[in-house]
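K.L.:
Using UniProt numbering, the letters of the sequence shown correspond one by one to residues 1 to 91.
Beta carbons: idealized from backbone N, C-alpha and C, even for Gly.
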Amino acid sequence: MMKKASLSLSFIQKYLVNNFGVSTSRKFVQRLDNILVLLCENPEIGRIYSKERGIYSFVLQKQVILFYRFDASNFIILEIFDVRRNPENWP
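#1: Going by Cα to Cα distance, which pick from Ser10, Gln63, Gly54 and Asp82 is closest to Ile76?
#2: For a quick check, are the C-beta atoms of Gln63 and Arg31 less than 7 Å apart?
#3: With a floor of 4 residues, list each alpha helix (DSSP H) that falls wholly inside the stretch 35 to 71, ordered by position along the chain.
#4: Are there 16 or more other CB atoms within 10 angstroms of the CB of Leu7, so buried, or fewer, so exposed?
#5: So the candidates are Asp33, Gly21, Phe58 and Ile12; which of them puts its Cα closest to the Cα of residue 113?
#6: Between residue 118 and Tyr56, how many whole angstroms is the CB-CB distance? I'm expecting something under 8 Å.
#7: Have a look at Leu16 and Gln61 and give me their C-alpha separation to the nearest angstrom.
#8: Any idea which residues DSSP pairs Phe81 with across the strands?
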């Protein structure tokens, strides 16, 4: 996971804990883990975000989009983007 994605995940977890409770944050992380297993096995199920840069996206929830890249031996999480943030920060 790239540093930016890790920071975004921390931000989302803090937001969920502060606004909805620890249980909701745990459910989000569990869903993320389940989706990552699925994507590692079948990375092409995501939507192509940038063909030139080889970036894919996958909607985790309607407010959160996962951006990633992969090749034969690597799966890299580039960003976990909360769409409620400023649209100018869109990856």
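P.N.:
A quick look at the data gives this:
#1: Gly54
#2: no
#3: none
#4: exposed
#5: Residue 113 lies beyond the stretch modelled for the chain, which goes from 1 to 91, so this question has no answer here.
#6: As shown, the chain starts at 1 and ends at 91. That puts residue 118 outside it, with no answer to give.
#7: 13 Å
#8: Ile65
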